[in-house]
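Down below is the structure, laid out as structure tokens.
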Amino acid sequence: MLEEFLGREKVAPLFAKGWVDVMIDVDRDTHGKEINERLKGDRSGGLPWMVILDGHGKEIVSSNENGTGGNIGGPRSAPECAWFATMLDRSRGDKLTAGEVQVIAEDLEAWSKPKRK
Amino acid sequence: MRTDLWISTLSLVLAGGLAAQAPERPKAEPAIDAAWTKALAKAKVHNQRVLALLVDDDADLAASLKKDGVLSHPLLYEFETVQWKGKQADALAVQWGFADAVQRKPALAVFDAQGKALAKWLPADFTADGKVLSQPLLDKLTPLFCAPVDAEKKLADGIAEAAKSGRAVFVRFDAPW
Numbered sequence: 001m002l003e004e005f006l007g008r009e010k011v012a013p014l015f016a017k018g019w020v021d022v023m024i025d026v027d028r029d030t031h032g033k034e035i036n037e038r039l040k041g042d043r044s045g046g047l048p049w050m051v052i053l054d055g056h057g058k059e060i061v062s063s064n065e066n067g068t069g070g071n072i073g074g075p076r077s078a079p080e081c082a083w084f085a086t087m088l089d090r091s092r093g094d095k096l097t098a099g100e101v102q103v104i105a106e107d108l109e110a111w112s113k114p115k116r117k
Numbered sequence: 001m002r003t004d005l006w007i008s009t010l011s012l013v014l015a016g017g018l019a020a021q022a023p024e025r026p027k028a029e030p031a032i033d034a035a036w037t038k039a040l041a042k043a044k045v046h047n048q049r050v051l052a053l054l055v056d057d058d059a060d061l062a063a064s065l066k067k068d069g070v071l072s073h074p075l076l077y078e079f080e081t082v083q084w085k086g087k088q089a090d091a092l093a094v095q096w097g098f099a100d101a102v103q104r105k106p107a108l109a110v111f112d113a114q115g116k117a118l119a120k121w122l123p124a125d126f127t128a129d130g131k132v133l134s135q136p137l138l139d140k141l142t143p144l145f146c147a148p149v150d151a152e153k154k155l156a157d158g159i160a161e162a163a164k165s166g167r168a169v170f171v172r173f174d175a176p177w
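The listed protein sequences derive, respectively, from chains A and B. Residues in the first sequence are numbered from 1 upward in steps of one, following the numbering used here. Residues in the second sequence are numbered from 1 upward in steps of one, following the numbering used here.
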């Protein structure tokens, strides 16, 4: 689901500008499960789980809200979408402006809203 | 009327008539291209093959395979399955040099994530009496599965690319289910 969003016309070029996308399948990729356990540690949450690393492999932010909260998974609710935008904002470095992250956030809101119950 | 003029007039009429009767070559529509591009992109990210199902308008092979006890799991894990019906299926069959599938459906085609055809099967290859032969089809599909990817290498490559380009690494953990 998130993948579909990241591939949207407005989002894909901005996302590629700021982040290297690495998708790890915990069932099919060799060592996928171990890496998930290693990077997630004791934090809560199933799949999808996300973490953003810097160029040294150090964690910047994860999909656990405020660091240790619940995993937003594939963001759908307004708070989940807001945390997703925070994740991008905290890790955008100098590759994207705050305005560009806002464009992604607004598109996520537009994409997620009809899917909410 | 002069005989030579009559013959050339007749030739033109016949040629025109034949041209009008020739079957129109189906053209791929933008919607088909978009679905195809999406399937390839998804297969690339997930290290899967694309399984194209070409069926008649009133058929739903995708739904049958999803419920098939032998095939559903391997298809979910190893293939991005896309179904095309009727004229759209015909257009793709012609585009893929698989013209036999225009008359003989259901037909299957397997592609790698770059769009290279790995296998094409007509009904006689995987059905009997209108029913899918699950195990024989799985036996045909299995050698086409992608080799597993080492996630440690994938992650290390992602981090190296991030370091080089000044970007961050967005790591997404997921599973086919």
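For glycine and all other residues, C-beta sits at the position ideal for the given N, C-alpha and C. Nothing here was measured: the structure is a model prediction, and the numbers come from that model.
Integer Cβ distance of residue i from residue j, believed to fall under 8 Å
i      : j      : result
D56/B  : K105/B : 5 Å
G18/A  : K95/A  : 4 Å
P176/B : D25/A  : 7 Å
A85/A  : A105/A : 4 Å
E80/B  : V50/B  : 5 Å
L155/B : V20/A  : Not a contact, Cβ separation roughly 10 Å.
V169/B : I52/A  : 7 Å
R8/A   : D107/A : 6 Å
L108/B : A52/B  : 7 Å
L122/B : A101/B : 7 Å
W84/B  : I32/B  : 7 Å
G115/B : L40/B  : 6 Å
Cross-chain neighbours of residue i in chain B, by beta carbon under 8 Å
i      : result
E100/A : Chain B residues near E100/A: none, gap ~13 Å exceeds 8 Å.
V11/A  : Within 8 Å Cβ-Cβ: nothing; V11/A doesn't reach chain B, min ~12 Å.
H29/A  : Strictly speaking, residue 29/A in this sequence is Asp, with His absent from that position. Per Cβ cutoff of 8 Å: N47, P148, V149, D150, A151 and K154.
D54/A  : A162, A168 and V169
I159/A : Given that chain A is displayed from residue 1 to residue 117, the structure contains no residue 159/A and the question cannot be resolved.
G32/A  : A151 and F173
Buried or exposed by the 16-neighbour rule on C-beta atoms within 10 Å, applied to residue i
i      : result
A16/A  : exposed
R76/A  : buried
R92/A  : buried
S62/A  : buried
L118/B : exposed
N64/A  : buried
L112/A : It should be pointed out that residue 112/A corresponds to Ser in this sequence rather than to Leu. The residue is buried, with at least 16 neighbouring Cβ atoms inside 10 Å.
P48/A  : buried
N66/A  : exposed
D139/B : exposed
Q21/B  : Low confidence applies here, because Q21/B scores a pLDDT of 45, under 50, leaving its location unreliable; read the following figure in that light. By the 10 Å Cβ count, Q21/B comes out exposed.
G55/A  : buried
A113/B : buried
G74/A  : buried
Q103/B : exposed
G166/B : exposed
A93/B  : buried
D174/B : buried
K115/A : exposed
A99/B  : exposed
Q48/B  : buried
Unbroken beta strand (DSSP E) run spanning residue i, endpoints
i      : result
D174/B : A168 to D174
P58/A  : In the sequence as presented, Pro is not what sits at residue 58/A; that position holds Lys. Careful: K58/A lies outside any beta strand (DSSP E) and carries neither H nor E.
K95/A  : Segment: none, K95/A is in no beta strand (DSSP E) and carries neither H nor E.
I72/A  : Here I72/A belongs to no beta strand (DSSP E), and DSSP marks it neither H nor E.
Neighbouring residues, chain B, relative to residue i (Cβ below 9 Å)
i      : result
S112/A : Residues of chain B passing the Cβ test: none, with the nearest at roughly 17 Å.
W19/A  : A162, R167, A168, V169 and F170
K115/A : Going along chain B, no residue has its Cβ under 9 Å from K115/A, so there is no contact; the nearest lies around 18 Å.
L14/A  : Chain B residues near L14/A: none, gap ~12 Å exceeds 9 Å.
L2/A   : R172 and D174
Contact set between residue i and chain B, taken where Cβ atoms lie within less than 7 Å
i     : result
S91/A : A168
W49/A : F173
G57/A : I159
N36/A : F173
DSSP beta-bridge partners of residue i
i      : result
R49/B  : F79/B
V149/B : Bridge partners of V149/B: none, in fact.
A119/B : V110/B
K154/B : According to DSSP, which records beta bridges pairwise, K154/B is partnered with nothing at all.
K131/B : A128/B
I159/B : Its beta-bridge partners do not exist; DSSP assigns none.
V51/A  : S62/A and V171/B
Interface residues of chain A facing residue i [CB-CB closer than 8 Å]
i      : result
A41/B  : G7
L54/B  : Within 8 Å Cβ-Cβ: nothing; L54/B doesn't reach chain A, min ~24 Å.
P176/B : D25, D27 and R28
Terminal residues of the alpha helix (DSSP H) in which residue i lies
i      : result
D25/A  : From DSSP, D25/A is part of no alpha helix (DSSP H) but of the beta strand (DSSP E) over W19 to D25.
V102/B : D100 to Q103
A113/B : No alpha helix (DSSP H) contains A113/B, which DSSP labels as neither H nor E.
L92/B  : G86 to Q95
A124/B : P123 to F126
A62/B  : L61 to K67
K33/A  : G32 to K40
E3/A   : L2 to L6
D57/B  : It is not in any alpha helix (DSSP H) - D57/B carries neither H nor E in the DSSP assignment.
K113/A : No alpha helix (DSSP H) contains K113/A, which DSSP labels as neither H nor E.
K117/A : Note, K117/A: premise wrong, no alpha helix (DSSP H); not H, not E.
S134/B : S134 to L141
Residue i beta carbon near the ligand GTP (any heavy atom closer than 8 Å)
i      : result
L138/B : No copy of the ligand GTP occurs in the structure displayed, which carries no ligand at all.
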